[in-house]
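So the protein lines, in turn, are chains A and B. Under full-length UniProt numbering, the residue at position 15 of the first sequence is numbered 15, and the numbers go up by one with no gaps. Under full-length UniProt numbering, the residue at position 91 of the second sequence is numbered 91, and the numbers go up by one with no gaps. Heads up, the beta-carbon is just placed ideally off N, CA and C, and yes, glycines get one too. For reference, the structure discussed in these notes is given below.
2 protein chains.
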Amino acid sequence: METAEPDLSAELLALDNQLCFAVYSANHAITRMYKPLLDRLGVTYPQYLVLLVLWERDSVRVGEIGERLMLETNTLTPLLKRLETLGLVDRQRSPQDERRVIVSLTDKGRNLRGEAARLPERVFAASGCSVPEVQELRGALVALRDRLRARSGE
Amino acid sequence: METAEPDLSAELLALDNQLCFAVYSANHAITRMYKPLLDRLGVTYPQYLVLLVLWERDSVRVGEIGERLMLETNTLTPLLKRLETLGLVDRQRSPQDERRVIVSLTDKGRNLRGEAARLPERVFAASGCSVPEVQELRGALVALRDRLRARSGE
DNA sequence: ATGATATATATCGTGCACGATATAATCGTT
DNA sequence: AACGATTATATCGTGCACGATATATATCAT
């Protein structure tokens, strides 16, 4: 016999034992929960994330949005153009540094914040979690993410 | 004054306080960690998930793969065709019920399992988590996901 | 047997995500 | 001043994800 643990290998590869699939499927479930709520605002979930960044601090570079959301410009550029088409943001080159494109909220984009403010609460209610549970889960995920990111860069 | 808690609203919408973004960004980090490992097997992460299903039980309907991965056929059909083009699976109509398409592993697809068996361990090592931590995190995510799915259907 | 309904998969269009590459502006060194 | 390297954004091609719709088979009521 070459190997004495056929079960260990099967256990390791079982879908329901995989943390990665738990994260993957939870992400889809959350996105689907947000979908009908965001439809009413007329934006997609990644677009909503960009708005969260801008509602915190307006008029930032494309690259800075990318750093916060951990996305590349090849994702953000077309997304930001759609937000511009929707009339929610403006994009203009920085006069100081013509390489930079500054993204800023329009009045319409700023006003959307009021409607969006209700969303996290509604998703929280659907989650069935307590506040400490959510915080612990979030903390564990962020810690995991940051460790993986540190290892990926090596 | 209409509202006395401008800070509460800001807190709720802060990117770094959002569980949804923690899940979203952790998912990306995990996918990026898998990417170079899966490149060597010649498959993408969602394709790998399909293979996990088939390695557990071979020759299943498209719809059953969809149920396990929580994906629709509009995602799976083209993905399965790519796996077929890669020579990893076969797709054939069920003789009993001509509506069904049965997906089964080729020898090549079966053989890939040996190489894939090392992956979870390597990602686990990069996670920096202990086994109980991973299990708790996975359990919390699955519970959250299933509650959200139950609420979404309402 | 026949038509209505349900089931299983496929197709189409849009948007996200990313590797690879391109383009243009800036900076540093000489 | 000039040139190479770096920085910031954009473009292109591929694959995933999903809503809407289509198609074909199966089932059920009559």
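* Asked: Is residue 163/A buried or exposed, if buried means 16 or more other CB atoms sit within 10 Å of its CB?
  -> Examination of residue 163/A is not possible in this model, given that chain A is present from 1 through 154 alone.
* **Residues of the segment 68 to 101 of chain B with Cβ closer than 9 Å to any Cβ of chain A, in chain order** => Here the close residues are R68, L69, M70 and L71.
* Asked: On the premise that A26/B lies in contact with V23/A, defined as a C-beta separation below 8 Å, what is that separation, rounded to the nearest angstrom?
  -> With a Cβ gap of about 5 Å, V23/A and A26/B count as contacting.
* To do: Pull up the DSSP beta-bridge partners for L105/B, would you.
  => According to DSSP, L105/B shares a beta bridge with V89/B.
* Taking just the CA atoms, how far does T77/A sit from M1/A? -> Since pLDDT at M1/A reaches only 49, below the 50 mark, its modelled position is unreliable, and no value is offered.
* To do: Classify V131/B as buried or exposed, calling it buried when 16 or more other Cβ atoms lie within 10 Å of its own Cβ.
  => Result: exposed.
* To do: State the DSSP-derived secondary structure class of V43/A, mapped to helix, strand or coil.
  => V43/A falls in the coil class under three-state DSSP.
* Look at the alpha carbon of R145/A and the alpha carbon of P46/B, and state the distance between them as a whole number of angstroms. => So the two alpha carbons sit approximately 19 Å from each other.
* Asked: Do you know offhand how far A150/A's Cα is from R99/B's?
  -> Rounded to the nearest angstrom, the two C-alpha atoms are 48 Å apart.
* Compare the C-beta of V43/A with all C-beta atoms of chain B and state if any pair is closer than 9 Å. => No, V43/A lies away from the interface with chain B (no Cβ there is under 9 Å from its Cβ).
* To do: Step through the CB atoms of chain A and report whether any lies within less than 9 Å of the CB of residue 191/B.
  => Outside the shown range of chain B (1 to 154) lies residue 191/B, about which nothing can therefore be said.
* Asked: How would you write the range of the alpha helix (DSSP H) that S127/A sits in, first residue to last?
  -> For S127/A, the enclosing alpha helix (DSSP H) stretches over residues L119 to S127.
* Asked: What separation, rounded to the nearest whole angstrom, lies between the Cα atoms of R118/B and T31/B?
  -> About 16 Å.
* Contact belief for R68/B with V53/B at Cβ below 8 Å, rounded distance in angstroms -> Confirmed, about 5 Å.
* To do: Determine which residues of the segment 124 to 150 of chain A have a Cβ less than 7 Å from any Cβ of chain B, and write them out in chain order.
  => For the segment 124 to 150 of chain A, the residues whose beta carbon sits under 7 Å from a beta carbon of chain B are, in order, A126, S127, G128, C129, V134, L137, R138, A140, L141, V142, L144, R145, R147, L148 and R149.
* Asked: Is R100/B helix, strand or coil by DSSP?
  -> R100/B carries a coil assignment under DSSP once its states are collapsed to helix, strand and coil.
* Through-space distance from R110/A to I65/A, alpha-carbon basis -> So the alpha carbons of these two residues sit roughly 17 Å apart.
* Say whether chain A places a C-beta atom closer than 9 Å to the C-beta of residue 191/B. => The first residue shown for chain B is 1 and the last is 154, placing residue 191/B beyond what the model contains.
* For Q92/B, count neighbouring Cβ atoms within 10 angstroms of its own Cβ and tell me buried if that reaches 16, exposed if not. => Exposed, since its Cβ has fewer than 16 Cβ neighbours within 10 Å.
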